[in-house]
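Heads up, the thing below is written out as structure tokens.
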Amino acid sequence: MLDKKIYNLLFLLLISNANIRAETLNIASDIWCPYICDNKKAPGILVEALNEIAKAKKMTVNIEIISLSRSLIMASKSEIDIVLAVTKSHITDHKLQSSHQYFGGWQNDFYISRKVDWSPNKLNDLDAFLNSGKTLGIIKGYDYGPYINSLKFKYADHIFQATGDSPLTKNIEMLQKGRISALLDSRYNIQYEMNKNNIVDLIYARSEGGFVPLFLGYSPTILPEVINSIDDGLTLIRHKGILSTILEKYGVSDWQKKI
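Each residue of the sequence shown is one higher than the last, beginning at 49 in my numbering.
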């Protein structure tokens with residue numbers, strides 16, 4: 049009887065592992081280079097990392113470019129399986145499951161045009177900055193922490209929230225054209241876009257807050273075994289040096305060192 053129970057348990061485990069391998073995981077995110085890019089030769093750190101994890105774990109993944117706000121809604125309805133680069137607040141607010149490991153990181157960094165006729169120190173007091181009529185560009189659906197998020201409602205007329213599949217590119221263009229006074233995003237992402245497009249008329253002004261880890265957000269119906277398998281896959285490609293090779297390609301250091 050005991051042998052039969054052990055056999056049945058092993059059979060169920062084999063079936064479960066087979067299902068994990070056979071399932072196509074539908075993944076979505078907006079374009080946020082260098083993590084997620086619209087470039088076949090350089091599709092982004094997370095895209096390449098997940099493809100390597102899928103290869104190691106014998107999974108199939110399908111990655112689509114969809115705005116973050118829409119991706120979160122789709123994941124909450126189990127219309128897609130995974131949303132890339134989300135915060136713990138995103139996961140809680142949309143009732144998603146979270147990866148145990150973090151897959152990237154974020155910091156609130158402000159950029160301005162070199163041509164401004166006001167001191168960058170004005171950004172030290174964002175309330176006064178926005179109250180004076182200055183405008184700030186952010187991305188709709190992104191989580192900037194409690195303080196910045198509160199300003200979105202307090203100064204709605206002075207905060208431009210970019211939408212679409214390439215919102216950071218849109219905000220950079222808005223800043224270059226003088227349609228917004230400052231841009232808020234992660235320094236790594238802004239600098240990547242500036243280097244790629246030879247942009248020299250924007251400068252870093254200041255940062256607000258510390259490093260914020262980013263996770264994979266899973267739909268409510270994804271099995272825990274899938275989440276654990278992908279987490280294990282990240283550990284595997286990091287240990288084998290595959291992740292460091294990907295990071296070097298994009299000129300970024302491992303986010304694990306940030307915390």
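Just so it is clear, CB atoms sit at the ideal spot from N, CA and C, and this is done for glycine as well.
In whole angstroms, give me the CA-to-CA distance for alanine 253 and tryptophan 80. Answer to the nearest angstrom: the Cα atoms are 21 Å apart.
Taking DSSP as the reference, what is the three-state secondary structure of asparagine 245? Coil.
Between the CA atoms of arginine 286 and tryptophan 154 - distance to the nearest angstrom: Distance between the alpha carbons of tryptophan 154 and arginine 286 is about 20 Å.
Could you tell me the distance, in whole angstroms, from the CA atom of isoleucine 143 to the CA atom of isoleucine 111? Looking at the sequence shown, residue 143 is not isoleucine but lysine. Rounded to whole angstroms, the gap between the alpha carbons of lysine 143 and isoleucine 111 is 21 Å.
Unbroken stretches of the alpha helix (DSSP H), 4 residues or longer, contained in the stretch 194-230: Within the stretch 194-230, the complete alpha helix (DSSP H) runs of at least 4 residues fall at 194-202 and 215-224.
Roughly how many whole angstroms lie between the Cα atoms of alanine 133 and aspartate 279? Just so you know, the alpha carbons of alanine 133 and aspartate 279 end up roughly 14 Å apart.
On the criterion of 16 or more Cβ atoms from any shown chain inside 10 Å, does alanine 97 qualify as buried, or is it exposed? It is buried - the Cβ of alanine 97 has at least 16 other Cβ atoms within 10 Å.
In angstroms, rounded to a whole number, what distance separates the CA positions of lysine 125 and glutamine 239? Separation of lysine 125 and glutamine 239 (C-alpha to C-alpha, rounded to the nearest whole angstrom) is 34 Å.
For proline 194 and cysteine 85, what's the separation of their Cα atoms in angstroms? Whole-angstrom Cα-Cα distance: 28 Å.
Do you know how far the Cα of glycine 226 is from the Cα of asparagine 243? Distance between the alpha carbons of asparagine 243 and glycine 226 is about 20 Å.
Local conformation of alanine 70 per DSSP, three classes: Residue confidence is low: alanine 70 scores 46 on pLDDT, short of 50, so the model does not pin down where it sits. Its coordinate-derived value is still stated next. Alanine 70: helix per DSSP, three-state reduction.
Spatially closest choice to phenylalanine 201 from Ile220, Asn179 and Met222, by CA coordinates: Ranked by Cα distance from phenylalanine 201, the options Ile220, Asn179 and Met222 are led by Asn179.
Considering Cα atoms alone, identify which of Lys170, Ser119, Ser147 and Leu223 is closest to arginine 162. Leu223 is the residue among Lys170, Ser119, Ser147 and Leu223 whose C-alpha sits nearest the C-alpha of arginine 162.
Since tryptophan 154 sits in a beta bridge, which residues does DSSP pair it with? In the DSSP assignment, the residues bridged to tryptophan 154 are Val260.
Span of the beta strand (DSSP E) around leucine 184: If you look at leucine 184, you'll find it in the beta strand (DSSP E) that goes 184-187.
With a 10 Å radius around its C-beta and 16 neighbouring C-beta atoms as the bar for buried, classify proline 82 as buried or exposed. With a 10 Å radius around the Cβ and a threshold of 16 neighbouring Cβ atoms, proline 82 comes out buried.
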